[in-house]
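Participant:
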Amino acid sequence: MPKSEQRSISFAQVLTEEYRTLRENTEWAADTEQDLLRKMHDREAPLSALCISGGGIRSATFALGAIQAFAEKGILADFDYLSTVSGGGYIGGWLSAWKQREQGLNKIIPKLKPTAPAPDPGTVDPVQHLREYNSYLTPKLGLLSTDTWTLAATIGRNMLLNWLVLVPILMFGLMIPRLVLALARLGVTFQAFYGDAITQYADTVVVDAIPVVGGFLFAMGIFNAMRYLPGVGNKDHSEFDFVKYVLIPFLSAAATFIAFDSWYYSNDAGYATSLPEFRYVLLWITSSGAVGWIAYLLIGGKTIWRRPKLIVGLTAVLLLTCLSTASCAWLLTAKVYQDATWPTYITVAAPLLLAAFMLAVTLVVGLTSNILLDEDREWLSRAAAWILVCIVSWVSLSLLVLLAPAWVMGFPKWFRTLLATGGAAGGWVSALGGLSSKTKAQKGAAPPQMSTSGLVLDLAAKLAAPIFLAVFLTGLVILTNWLLSVSGLTNERWNKHLAILENTRVEAILLLSFVFFGFA
Numbered sequence: 051m052p053k054s055e056q057r058s059i060s061f062a063q064v065l066t067e068e069y070r071t072l073r074e075n076t077e078w079a080a081d082t083e084q085d086l087l088r089k090m091h092d093r094e095a096p097l098s099a100l101c102i103s104g105g106g107i108r109s110a111t112f113a114l115g116a117i118q119a120f121a122e123k124g125i126l127a128d129f130d131y132l133s134t135v136s137g138g139g140y141i142g143g144w145l146s147a148w149k150q151r152e153q154g155l156n157k158i159i160p161k162l163k164p165t166a167p168a169p170d171p172g173t174v175d176p177v178q179h180l181r182e183y184n185s186y187l188t189p190k191l192g193l194l195s196t197d198t199w200t201l202a203a204t205i206g207r208n209m210l211l212n213w214l215v216l217v218p219i220l221m222f223g224l225m226i227p228r229l230v231l232a233l234a235r236l237g238v239t240f241q242a243f244y245g246d247a248i249t250q251y252a253d254t255v256v257v258d259a260i261p262v263v264g265g266f267l268f269a270m271g272i273f274n275a276m277r278y279l280p281g282v283g284n285k286d287h288s289e290f291d292f293v294k295y296v297l298i299p300f301l302s303a304a305a306t307f308i309a310f311d312s313w314y315y316s317n318d319a320g321y322a323t324s325l326p327e328f329r330y331v332l333l334w335i336t337s338s339g340a341v342g343w344i345a346y347l348l349i350g351g352k353t354i355w356r357r358p359k360l361i362v363g364l365t366a367v368l369l370l371t372c373l374s375t376a377s378c379a380w381l382l383t384a385k386v387y388q389d390a391t392w393p394t395y396i397t398v399a400a401p402l403l404l405a406a407f408m409l410a411v412t413l414v415v416g417l418t419s420n421i422l423l424d425e426d427r428e429w430l431s432r433a434a435a436w437i438l439v440c441i442v443s444w445v446s447l448s449l450l451v452l453l454a455p456a457w458v459m460g461f462p463k464w465f466r467t468l469l470a471t472g473g474a475a476g477g478w479v480s481a482l483g484g485l486s487s488k489t490k491a492q493k494g495a496a497p498p499q500m501s502t503s504g505l506v507l508d509l510a511a512k513l514a515a516p517i518f519l520a521v522f523l524t525g526l527v528i529l530t531n532w533l534l535s536v537s538g539l540t541n542e543r544w545n546k547h548l549a550i551l552e553n554t555r556v557e558a559i560l561l562l563s564f565v566f567f568g569f570a
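Counting from 51, one number per residue, gives the positions in the sequence shown under this note's numbering.
#1: Take residue 373 and list the residues in its own chain whose beta-carbon comes closer than 6 Å to its own, dropping the five residues that flank it on each side.
#2: List the endpoints of the continuous beta strand (DSSP E) containing residue 102.
#3: Alpha carbons only, please: which of 194, 363, 393 is nearest the one belonging to residue 234?
#4: Going by C-alpha to C-alpha distance, which of 194, 553, 432 sits closest to residue 538?
#5: DSSP state of residue 198, grouped into three classes?
#6: Less than 8 Å separating the beta-carbons of residue 341 and residue 306?
#7: Within 7 Å: the Cβ of residue 442 and any heavy atom of the ligand ZN?
#8: Output needed for residue 281: all residues of its chain with C-beta closer than 6 Å, excluding positions within five of it in sequence on either side, in chain order.
#9: Go to residue 391, then tell me how far its alpha helix (DSSP H) extends in each direction, as first and last residue.
#10: Just list the residues that DSSP pairs residue 69 with in beta bridges.
#11: Excluding the five sequence neighbours on either side, which residues of its own chain have a C-beta within less than 8 Å of the C-beta of residue 118, listed in chain order?
#12: Can you confirm whether the region 326-333 touches the region 291-301 when touching is taken to mean that 3 or more C-beta pairs between the two stretches lie within less than 8 Å?
#13: Between residue 452 and residue 397, what straight-line distance do the alpha-carbon atoms span, to the nearest angstrom?
#14: If residue 271 sits next to residue 303, beta carbons under 8 Å apart, how far is it from one beta carbon to the other, in whole angstroms?
#15: Whose CA, out of 556, 524, 566, 90, lies closest to the CA of residue 447?
#16: Can you tell me which of 547, 522, 521 puts its alpha carbon nearest to the alpha carbon of residue 533?
#17: When DSSP labels each residue in this structure, what does residue 133 get in the three-state scheme?
#18: Taking 8 Å as the threshold (C-beta atoms), are residue 390 and residue 450 in contact?
#19: Whole angstroms is fine: what's the gap from residue 86's alpha carbon to residue 61's?
#20: Using 8 Å as the threshold, is the C-beta distance between residue 369 and residue 336 below it?
#21: With DSSP run on the structure shown, which of helix, strand or coil describes residue 542?
#22: Less than 6 Å between C-beta atoms, sequence neighbours within five positions excluded: which residues of the same chain meet that for residue 400?
#23: Nearest by alpha-carbon distance to residue 228: which of 569, 170, 528, 536 is it?
#24: Three Cβ pairs or more, each shorter than 8 Å: is that satisfied between the region 92-109 and the region 128-142?
#25: Please classify residue 277: is it buried, with 16 or more other beta-carbons within 10 angstroms of its beta-carbon, or exposed?
#26: Beta-carbon within less than 7 Å of residue 113's beta-carbon, same chain only, minus the 5 sequence neighbours each way: which residues are those?
#27: Mind checking which residues open and close the alpha helix (DSSP H) that includes residue 123?
#28: For the alpha helix (DSSP H) containing residue 267, list its first residue and its last residue.
#29: Report the CB separation of residue 169 from residue 569 in whole angstroms; it is logged as a contact under 8 Å.
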């Protein structure tokens, strides 16, 4: 067509013509899209669409049943649009092609109904044909079929590619307890690994710098906790704000205390040989808490000055909290940690210190019933829940990385084989439980008709998953030992787990961690 005869049409005109096709008796037009949409919404029969999601042959099979149900209810022809993706496109293409061949949806709806009569002899039943040939990825099954081996190769390739990403990421995460242990042992490895040139500065760093950093972090946690506490500061905040400004400072303060304890008490470092006295620990924690509280009163406590009873009560409670935390911290350091091995120390030191702080918070809740509000107690309970999550997560991770491999190495060979077999069986049972129709698909009470075998399989599937995960992650930790040994990053044999933990330098751990992360 010559350009002189071409004319442009608006998008509203395009939509109008489309709507006229869908609603054949529509004679009106619209100048703008808004006018068209307003007129469409005023109609008694709104536009509708049948949308079929993806999910491979499972989606297609499910959608076939839904389409047959719509046909039986007489509403399949009421849809104006058909939208599909992936496996939904498989069933959508089949439906559209059948409709086109039969020249109309009304011709195939009777054949779609589950109660439809059998087709005439010599003709094809499209629904039955679809069900018989729904394995479109493997049309011909069999040991010698290339379709079967193509599917096996595809699944194997995809699993390998996924594991090549997931396994290094998991191994990267499992390096964290090793790194913490190596850092905690710097007190006994400074001189052995790094010489006298650097140990002369260790006394200043440990005795002066670390307490200042730890005290600042603890004060920051107290300051922000007072800001966010509903009955005190009542500052709007999200859960992420709490984690960033309250939880992380408290966790970091606990970490610096553990670093101070492990470095200060290490009598092989050449710069300290005795534990700090209780009065110094009490002064450290109490001064830090007081700095945080006073900073809040001066900076953010404009409204709280009109409530002297609350100020006095919270001051007394804060002092009691610091006393309780300092007492528990010193007792743990002086009595509990001294006889612990390094893996045990790293596993329980920080969690016990956090548990001591939680005990202090519990005392606060009990002693402030006339001062704090119900919202404050709920907020403190939520904060304690976050700390408890951190405790459980760290203990679980440290057990898997620092303690479990040593236990496994100490077992007889037949028991290690049995353990590996049990882990593999756990993965198989988990998959079987997920595929079985006898297990529950969602949380809640067991279905009334659930059989005893179904209950047993459901329980086995729930127990098998953590067993498989524990055995699998422990295997990755042992694999990391082997990599450290064969690469020369440590001089210890791979099956000497405790020796590898204690005699691997920080630089080696960081290097292998970066390799894991970079490979993933």
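Just so it is clear, CB atoms sit at the ideal spot from N, CA and C, and this is done for glycine as well. On a predicted model such as this, the values are computed, not experimentally measured, just so you know.
Facilitator: On the basis of the coordinates in this document:
#1: Residue 373 sits at position 323 when you count from the first residue of the sequence shown. Correct list: empty, nothing qualifies.
#2: Sequence index remark: in the sequence shown, residue 102 carries index 52 (1-based). Counting along the chain, the beta strand (DSSP E) containing residue 102 begins and ends at 99-102.
#3: Within the sequence shown, the letter at position 184 stands for residue 234. Considering only alpha carbons, the answer is 393.
#4: Position 488 of the sequence shown, counting from 1, holds the residue named residue 538. Checking every option, the nearest Cα to that of residue 538 belongs to 553.
#5: Counting from 1 along the sequence shown, the entry for residue 198 is found at position 148. Of the three classes helix, strand and coil, the one that applies to residue 198 here is helix, per DSSP.
#6: Counting from one through the sequence shown, the residue named residue 341 turns up at place 291. Counting from one through the sequence shown, the residue named residue 306 turns up at place 256. Contact: no.
#7: The ligand ZN is not part of the structure shown, which contains no ligands of any sort.
#8: One-based indexing of the sequence shown puts residue 281 at position 231. Closer than 6 Å at the Cβ level, and outside the excluded window around residue 281, lie 422, 423, 426.
#9: Taking the first residue of the sequence shown as position 1, residue 391 is located at position 341. Run containing residue 391: none; DSSP gives neither H nor E here.
#10: By one-based count along the sequence shown, residue 69 stands at place 19. Answer by DSSP bridge pairing: none, since residue 69 is not bridged.
#11: Within the sequence shown, numbered from 1, the residue matching residue 118 stands at position 68. The answer, listed in chain order, is 162, 163, 164, 177.
#12: no
#13: Looking up residue 452 in the sequence shown gives position 402. Looking up residue 397 in the sequence shown gives position 347. So the alpha carbons of these two residues sit roughly 8 Å apart.
#14: In the sequence shown, the residue the question calls residue 271 occupies position 221. In the sequence shown, the residue the question calls residue 303 occupies position 253. With a Cβ gap of about 6 Å, residue 271 and residue 303 count as contacting.
#15: Your numbering for residue 447 matches position 397 in the sequence shown. When each option's Cα is compared against that of residue 447, the closest is 524.
#16: Locating residue 533 in the sequence shown gives position 483, where the first residue counts as 1. Residue 547 is the option with its Cα nearest to residue 533.
#17: To locate residue 133, count along the sequence shown from 1; it is residue 83. Strand, per DSSP.
#18: The sequence position of residue 450 within the sequence shown is 400, counting from 1. The sequence position of residue 390 within the sequence shown is 340, counting from 1. The answer is no: Cβ separation not under 8 Å.
#19: In the sequence shown, counting from the first residue as 1, residue 86 sits at position 36. In the sequence shown, counting from the first residue as 1, residue 61 sits at position 11. If I take the Cα positions, the gap works out to 11 Å.
#20: Mapped onto the sequence shown, residue 369 falls at position 319. Mapped onto the sequence shown, residue 336 falls at position 286. Yes, these two residues count as a Cβ contact at 8 Å.
#21: Position 492 of the sequence shown, counted from the first residue, corresponds to residue 542. The answer is coil: DSSP assigns residue 542 none of H, G, I, E or B.
#22: Stepping through the sequence shown from its first residue, residue 400 is reached at position 350. 304, 308.
#23: Taking the sequence shown and counting its residues from 1, one reaches residue 228 at position 178. Among 569, 170, 528, 536, the Cα nearest to that of residue 228 is on 528.
#24: yes
#25: The sequence position of residue 277 within the sequence shown is 227, counting from 1. Buried.
#26: For this step, residue 113 is matched to residue 63 along the sequence shown. 102, 138, 141, listed in sequence order.
#27: Your numbering for residue 123 matches position 73 in the sequence shown. Where residue 123 is concerned, the enclosing alpha helix (DSSP H) stretches over 106-123.
#28: Indexing the sequence shown from 1 puts residue 267 at position 217. From DSSP, the alpha helix (DSSP H) with residue 267 extends over 260-278.
#29: As a working note, residue 169 is residue 119 in the sequence shown. As a working note, residue 569 is residue 519 in the sequence shown. Not confirmed; about 57 Å, so no contact.
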